[in-house]
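*Asks:* Pasting in a structure now, in structure tokens, and then I'll have a few things to ask.
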Amino acid sequence: MIEYANVTKVFGSGPNVVTAVNDVTFKIEKGHVVAFLGPSGCGKTTLLRLTNRLIPLTRGKITVNGRDILSEDAVKLRQSMGYAIQAIGLFPNKTIYENIATVPRLLGWKEDKIRERADELLTMLRLEPGIFRDRYPAELSGGQQQRVGVARSLAADPEIVLMDEPFGAIDPINREEIQNEFLRIQNELKKTIAFVTHDIHEAIKVGDEIAIFQGGKLIQYDTPEAILTRPKNKYIADFVGADRALKVLGLLRTKDAMNTNPRNIVKGSCDAQEVLKFLEEKGLKHAIVVENNKPLGYVTPKLVKHENGPVRNAVDTYPRFIQRYDTLRDVMSTMLMQDMQTLCVVDDNGDFIGTISLKNIQSSILDAYTDEEDS
Amino acid sequence: MNVFDFIYKNAGECWLLTFEHIWIVSLALFLAILLGVPIGIAVTRSEQAARRVINAANVLMTVPSIALFGILLPLLSLINQGLGKVPAVMALVLYSQLPIIRNTYTAIKNVPPEIVDAGRGLGMSGWKRLKEIEIPLAVPVIIAGLRTAAVMNIGIAAIAAYIGAGGLGVLIQQGIARVYGEMIVAGAILVSLLAIFVDAGMALLERLLTPKGIKIGRELGR
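Protein chains in written order, with numbering that gives the first Met the number 0: chain A, 0 to 374; chain B, 0 to 221.
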């Protein structure tokens, strides 16, 4: 847990005074990832560097697990926290293993234990220890180096990790991947993480909470959902973008929007002509054909018109099935690409559990925003 | 009699003078490292100090060696060491300061800031960072400075024969006094050969002491 109380940092003196962090108060809960978000010069990195005393505090108080950071030796304090930066800063004269071993060695761990830990971390970050352990940073790609930087920050198993745009030096495709891995690892490790970023997508993706800064001031501290649906002022609304409704799609899951009880279901063994009658009576554009709990595909009146056997012979298949935890953004993307308004949702076994349509998505977005209209 | 006959016939004397020359230069280099490298590291902590120290070393460099010996003579006479090896070694130490201090300073300053920041952020003390990161990364450039200093000192040490320091300069000095061409050229050739060998040796040392990770980086062009 990290608590910031009236934290202020002033650089320079006389007429050149710059207040980089201005009276910031908030709390990072244990086990949470908090994204420090804002444009460059907003004070987010300064706040991070105040936390492990890389720069001295001007006013206010920072406590880590209830202890004032000033009560401890700065070097010891830093050893107790992980630290990863955008520029990575691997030591080029040391092997990957020696880089990861930095903090454990400072803490006086036994070499066997460090070796075990380094291999564990490399494996966790999908770098084969046998291949990478004894290589030098110059032999690694940017993405691999960034993984090592993250591994190094986690080496001594610190409870708190400070990360300053840790994935900033990676191309967008690999960044997406390493973010996913970060989330997977964080799910296991449950570290308390302060995560500086200027990328709203990254903040939404990795943050349990987001702290948005402007000119050294904390403007809003809230969950990603709340920031997207209830931005506190125009600055934040502008910052999260005019497409914030689309960003909400990235947060909402299929399970929150799906229709678990659709009425246009028919069995595969049904007679095609009966299905046609059913469709015409109810005025439906299509029906979903399910057999043994597995969705086979869908039929339209046009497809069944000239079919005389069971309806299963006339189905058109879906390009893909949707999973419960797929984001609405992915679902919507499939709909747009395939020109379909309704898709099937299946569980892990591939069993049919419902449908999701454009209308479902729209209404769940509207739901997310009703709070905004109320307030 | 040509030059090589001269060297061949006086091989014993030539070896002796060569060793004397090497002794003067290496003693001076050793002391210069003890003085210059710590100064070079110390001044990285303050821009202002660095400017002053490097300027002073620069000024020192512009003093001609003969003049420096002249300046040292009355000073060291106070302790009865106005002539001989003491002023020679002292002058060489002073001349070496510029390349050593400047290269040490530049090398430490050129360690990428993100590497220093990572070291600090991970909780390495200033001393640990210096020992494990900054100095190893600076070694190639520091040795390049030593190399310049060593080669330069071999030349200046030849002049120190005039204040009775000995070394290969003796051949040149006496050759001039006796108007003995072969002797002068023999001295000149031996000094030059020594400089070439030392230069090559220092280049090798530079390569050997460059951290492996840096060498790999260079090969890969990173």
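Virtual Cβ for every residue (Gly too), placed ideally from N, Cα, C.
(1) What are the start and end residues of each continuous alpha helix (DSSP H) run of 4 or more residues lying completely inside the region 235-304 of chain A, in chain order?
(2) Just list the alpha helix (DSSP H) runs in the region 81-122 of chain A, keeping only unbroken ones of 4 residues or longer that don't cross its boundaries, in chain order.
(3) Is A:Glu372 close to chain B? Criterion is C-beta to C-beta, closer than 7 angstroms.
(4) Which residue wins for smallest C-alpha separation from A:Ile99, given the options A:Arg151, A:Gly129, A:Leu49?
(5) Kindly say whether A:Pro383, judged by its beta-carbon, lies nearer than 7 angstroms to any beta-carbon of chain B.
(6) According to the Cβ coordinates, are B:Val150 and B:Asp198 closer than 7 angstroms?
(7) If you compare alpha carbons, which of A:Thr122, A:Val20, A:Phe194, A:Gly13 is closest to A:Val6?
(8) Does the beta-carbon distance from A:Pro165 to A:Ala83 come in below 7 angstroms?
(9) Report the option in B:Pro73, B:Thr209, B:Leu97 whose CA atom is closest to the CA atom of B:Thr61.
(10) Any idea if A:Ser374 is buried or exposed, counting beta-carbon neighbours within 10 angstroms, 16 or more meaning buried?
(11) Restricting to runs no shorter than 3 residues, where is the beta strand (DSSP E) found entirely within the region 121-148 of chain A?
(12) I'd like the list of long-range same chain contacts for B:Glu46, defined as Cβ closer than 7 angstroms, with 5 residues on each side in sequence excluded.
(13) Can you pull the chain B residues whose beta carbon is under 8 angstroms from the beta carbon of A:Ile87, in chain order?
(14) Given that A:Thr101 touches chain B, what residues does it touch there, using C-beta distances under 9 angstroms?
(15) So which residues of chain A does B:Pro295 contact, with C-beta pairs closer than 8 angstroms?
(16) Does any CB atom of chain B fall closer than 7 angstroms to the CB of A:Ala225?
(17) Can you tell me where the beta strand (DSSP E) with A:Arg8 in it begins and where it stops?
(18) Quick one: is B:Gly220 near chain A, going by C-beta distance under 7 angstroms?
(19) For A:Arg311, which of helix, strand or coil comes out of DSSP?
(20) Count the other CB atoms, across all protein chains shown, that sit within 10 Å of the CB of A:Gln340; report buried if there are 16 or more and exposed otherwise.
(21) Using only CA atoms, which one of A:Leu295, A:Leu275, A:Ser362, A:Thr259 lies nearest to A:Gly376?
(22) I need the boundaries of the alpha helix (DSSP H) containing B:Gly186, first residue and last residue.
(23) Could you name the residues of the region 107-137 of chain A whose beta carbon sits closer than 9 angstroms to any beta carbon of chain B, in the order they occur along the chain?
(24) Between the alpha carbons of A:Val47 and A:Leu36, how many angstroms are there, rounded?
(25) Could you name the residues of the region 60-77 of chain A whose beta carbon sits closer than 8 angstroms to any beta carbon of chain B, in the order they occur along the chain?
(26) For A:Val147, tell me which candidate among A:Glu158, A:Asp118, A:Asp170 has the shortest Cα-Cα distance.
(27) Along the region 201-214 of chain B, what residues have a CB closer than 7 angstroms to any CB found in chain C?
(28) Considering just the uninterrupted stretch of the beta strand (DSSP E) at A:Ile159, what are its terminal residues?
(29) Can you check which of these residues, B:Ala160, B:Leu193, B:Ala148, is closest to B:Ala56 by C-alpha distance?
(30) Whose C-beta lies closer than 8 angstroms to the C-beta of B:Ala157 among residues of the same chain, with five residues either side of it excluded?
(31) With which residues is A:Val20 paired in a DSSP beta bridge?
(32) In or out: A:Leu153 buried (at least 16 other Cβ within 10 Å) or exposed?
(33) Contact check, B:Ile132 vs B:Gly144 under 8 angstroms by CB: the rounded distance?
(34) Under 7 angstroms between the Cβ atoms of A:Val288 and A:Ile321?
(35) Applying the 10 Å Cβ sphere with the 16-neighbour rule, what's the burial state of A:Ile159?
*Replies:* Result, derived from the coordinates:
(1) List check, alpha helix (DSSP H) in window: 243-250, 253-256, 271-281, 300-303.
(2) Entirely contained in the region 81-122 of chain A, the alpha helix (DSSP H) runs reaching 4 residues are, in chain order, 95-99, 101-105.
(3) Legend: pLDDT at A:Glu372 = 49, less than 50; position of this residue unreliable, value from coordinates given subsequently. No - not a single Cβ of chain B is within 7 angstroms of the one on A:Glu372.
(4) Closest by alpha carbon: A:Arg151.
(5) Residue numbering for chain A in the displayed model covers 0 to 374; residue 383 of chain A lies beyond these limits and cannot be assessed.
(6) Between B:Val150 and B:Asp198, the gap from beta carbon to beta carbon is short of 7 angstroms.
(7) Checking every option, the nearest Cα to that of A:Val6 belongs to A:Val20.
(8) For A:Pro165 and A:Ala83, yes; Cβs fall inside 7 angstroms.
(9) The option with the nearest alpha carbon to B:Thr61 is B:Leu97.
(10) Caution is warranted here: a pLDDT of 43 is assigned to A:Ser374, below 50, making its placement in the model unreliable, and the coordinate value is therefore given only provisionally. Exposed is the call here.
(11) None, since the region 121-148 of chain A contains no complete beta strand (DSSP E) of that length.
(12) Within the same chain, B:Glu46 has no close Cβ partners at all.
(13) Ordered by position in chain B, the residues that pass the 8 angstroms Cβ test against A:Ile87 are Glu113, Ala117.
(14) The contacting residues are Ala117, Gly118, Leu121, Gly122, Met123, Glu131.
(15) Residue 295 of chain B is absent from the structure shown; chain B starts at 0 and stops at 221.
(16) Interface criterion not met: the Cβ of A:Ala225 is under 7 angstroms from no Cβ in chain B.
(17) In the sequence on display, residue 8 of chain A carries Lys and not Arg. 1-10 is the span of the beta strand (DSSP E), which, as asked, contains A:Lys8.
(18) B:Gly220 does not count as touching chain A.
(19) Helix at A:Arg311.
(20) The Cβ neighbour count for A:Gln340, taken over all protein chains shown within 10 Å, is under 16; the residue is labelled exposed.
(21) It is not possible to answer for residue 376 of chain A, since the shown part of chain A is limited to 0 through 374.
(22) Run containing B:Gly186: 180-208, per the alpha helix (DSSP H) assignment.
(23) For the region 107-137 of chain A, residues whose beta-carbon sits nearer than 9 angstroms to a beta-carbon of chain B comprise Arg134, Tyr135, Pro136, Ala137.
(24) Looking at the sequence provided, one finds Leu at residue 47 of chain A rather than Val. Their Cα atoms are separated by approximately 12 angstroms.
(25) Residues of the region 60-77 of chain A that bring their beta carbon within less than 8 angstroms of a beta carbon in chain B comprise Val74, Lys75, Leu76, Arg77, in sequence order.
(26) Out of A:Glu158, A:Asp118, A:Asp170, A:Asp118 has the C-alpha closest to the C-alpha of A:Val147.
(27) The structure shown contains no chain C; the protein chains it does contain are A and B.
(28) Note, A:Ile159: beta strand (DSSP E), 159-163.
(29) It is B:Ala148 whose Cα lies nearest to the Cα of B:Ala56.
(30) Hits under 8 angstroms: His20, Gly166, Leu167, Gly168, Ile171, Gly186, Val190.
(31) Paired residue(s): A:Lys8.
(32) Flag for A:Leu153 reads buried.
(33) Taking 8 angstroms as the upper bound for CB-CB distance, B:Ile132 and B:Gly144 are not in contact here, some 19 angstroms apart.
(34) For A:Val288 and A:Ile321, no; Cβs fall outside 7 angstroms.
(35) By the neighbour-count rule (16 or more Cβ atoms within 10 Å), A:Ile159 is buried.
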